[in-house]
Each structure stands twice: as C-alpha cells, then as structure tokens.
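Asker:
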Amino acid sequence: MKLCAWLALASLTASAAIVKDVRTAIAANDFATGAQLIKAYRMTNGVTPEMLEALSWMARGELAVRNYGQAEKYASETYQLCTAELKKRPLDQERGLPIALGAAIEVEANYLAAQHRRAEAVTYLQDQLKLFRATSINARIQKNINLLTMEGKPAPALQKVALPKGKPVLLFFWAHWCGDCKAEGPILAQLQSEFKGLAIVAPTQKYGYVQGGEEAAPEVELRYIDKIRKERYADIIADPAPVSEVNFLRYGVSTTPTLVLVDRNGIVRLYHPGRMTYEELRPLVAALFKSNAS
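Below you can see the structure in the form of structure tokens.
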C-alpha cells in the first residue's frame, strides 16, 4: 500500500511539474528541451490533461517567436489529442484539457491569419465556437473572433447597461480578483480626468467565490463586487457595475482586463485583451476626441 501511495504521489507531482518545466524551457527559448520533457513525460504517464496543456504551451511559444510552421504543428497535435480525450471525459472535467484545447484553437487561428488567410481563420473559429459553445472555452474562442473582426464594426449591445450615445466610451471588463485590473484602474482614472467627456463603462461577472477563493452565494458575491468597486474603482465606476456573464461572452472576455474603445458613432476602434500602459492607451483615446472635434 505504501508503494502504491508513493507512486500515486510521484505521478501527481510529475503532472504538476510538467507544465511549469516546459514553460521554463520556452522562456529560455529552449524548445528542444521542452519537447524532450513532454516526450519523456508521455512515455511514463501517457496522455494527460497536464501533458496536453504543456504541449499547448509549445504551440504558443513557437507562435510568439513567429515559428509559424512549428506552432501549427504543435497546435494540430494538441487539438487531435484533446478531441480524442473528449471521447473519454467532458471537456471541463479537469482544468488542463480546456486550457490546452482553447490554446490549440487560438494558435491555429493565429497561424492562418499570419499566412494572410484571415477569412479562413474567422470561419475556422466560428466553426469551433459552434462545437464548443456550451463549454468554458466559449469566451476564449469569441475573443479570437473579436480580435480579427470587431474593430471597425458597431459595438455589440450590453446587457443591463446601454452604451452612452454621442461620446467616446472606454469599456473596462474587470474581475474582482484581478490584480492587473486593479493596476489598470489609476490609468483609466487619469485618462478620464484628462479627457473630459470620456465615458467609462465597467462590466464584470460573478465567479462563484469571494476573497481567498471562498465559495459564495450570488448575493454574497454581488456585495463583494460592489465592495471592491468602492475600494479600488470609485474614481471611474460611480454606480454599481453591470454584472452579466452575457456581456463577457458577447465580447469574448477570457482575459481581464479587456479594454474596448468605442467612438461617438458606436464603432469599435480598439479591442484589447490584457493590460495597457498610459503611454499605449492615451493616443488611442486622444484620436477619438480628435475625430469628435472634426
């Protein structure tokens, strides 16, 4: 029994380490070591959600350095192995599987776009969205569709709040647990102070927990969301934030913060998952006001 327990513990430890070890190799631009780590792990443990997540990081790493052929190769392998696993278990049963599959789809779309096959990339993503709409990777796929299609198009309507008409709007999608969102808050407050008339709308959603990951009933989490709003975002969010999962799905928010700039005519001029510095964001906001004055 002791030997069995030790082997089980060793297996769990290896599973936890493979993603970290592969990411460390990628960060050092050592893709050969990353590939060797995955091969050795797979020989011992077979195909696991953790192994697939590590493999998806190889695809993401190759994409980041523009090795598009290798990125597509890893993405395709990850996708095929993930879909084979879906015959054995639901996608969202374990954490690593949706992360891996979502990344594989994302890299494949980026590969197509980099090959000047943008329309094909959008069609591919739309097909994947149909397949996985009822899963946790819905928003991630929609995010990638939005990255390719949203700018220059009318902003999708929001649930529980209307976009102000006739003025520039900055949409700030945030989460109560998100450190990057808290870091972005002062930047947005500075821009709103500098550009009079800039409207900031800050949608969020419930996650089922509050501080420290403690599970919480919806009404408890709503109170916690408003507490964080008052403590960290009072300068930019005067009223209770619109709380709606629909808004996050519609705008493909799988990354917080996500920033969206909408001009006075309701047209999206920026769709950006992730943080932005003041220096990055200011000229884009200023352009909306120049357009407004012309």
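With the sequence shown counted from 1, adding 29 to any position gets you my numbering. Beta carbons are placed, not taken as given, at the ideal position from N, Cα and C, and that holds for glycine.
(1) On the DSSP letters alone, give me the boundaries of the alpha helix (DSSP H) that Ile134 sits inside.
(2) Which two residues bound the contiguous alpha helix (DSSP H) that contains Phe224?
(3) Closest to Gln171 by CA distance: which of Phe318, Leu317, Val314, Pro302 is it?
(4) So what's Leu192 in DSSP terms, helix, strand or just coil?
(5) Going by DSSP, which residues form a beta bridge with Phe201?
(6) Since Ala228 contacts Pro193 with CB under 8 Å, what's their CB separation in whole angstroms?
(7) For the alpha helix (DSSP H) containing Tyr153, name the first residue and the last one.
(8) Between which two residues does the alpha helix (DSSP H) holding Leu66 run?
(9) Mapping DSSP to helix, strand and coil, what is Arg298?
(10) Identify the continuous alpha helix (DSSP H) that holds Ile229 and give its terminal residues.
(11) Looking at C-beta atoms only, is the number of pairs between the stretch 89-104 and the stretch 118-129 that lie closer than 8 Å three or more?
(12) Tell me where the alpha helix (DSSP H) around Thr83 begins and ends.
(13) On a Cα-Cα basis, can you pick out the residue from Gly214, His205, Thr287 that is closest to Val249?
(14) What does a CB cutoff of less than 8 Å around Thr285 pick up in its chain, not counting 5 residues either side in sequence?
(15) Determine which residues share a DSSP beta bridge with Glu101 and list them.
(16) Below 8 Å on the Cβ atoms is my guess for Gly63 versus Ala69; work out the distance and round it to an integer in Å.
Answerer: If we stick to the structure as given:
(1) Bounds of the alpha helix (DSSP H) holding Ile134 are 125-143.
(2) Taken as a continuous stretch (DSSP letters only), Phe224 belongs to no alpha helix (DSSP H), as it is neither H nor E.
(3) For Gln171, the nearest C-alpha among the options comes from Pro302.
(4) Correct three-state label for Leu192: coil.
(5) For Phe201, which the question treats as bridged, DSSP gives the partners Leu288.
(6) So it is a contact: roughly 4 Å between Cβ atoms.
(7) Residues 147-161.
(8) Per DSSP, Leu66 is one residue of the alpha helix (DSSP H) stretching across 60-74.
(9) DSSP places Arg298 in strand when its eight states are reduced to three.
(10) For Ile229, there is no enclosing alpha helix (DSSP H); the enclosing beta strand (DSSP E) covers residues 228-230.
(11) Note that the stretch 89-104 does not touch the stretch 118-129; fewer than 3 beta-carbon pairs, one per stretch, sit closer than 8 Å.
(12) In the sequence on display, residue 83 carries Ala and not Thr. Where Ala83 is concerned, the enclosing alpha helix (DSSP H) stretches over 78-93.
(13) Nearest C-alpha to Val249 among Gly214, His205, Thr287: His205.
(14) Once the five neighbours on either side are set aside, the close Cβ partners of Thr285 are Phe202, Trp203, Ala204, Cys207, Asp209, Cys210.
(15) Beta-bridge pairing links Glu101 to no other residue.
(16) About 11 Å; that fails the 8 Å criterion.
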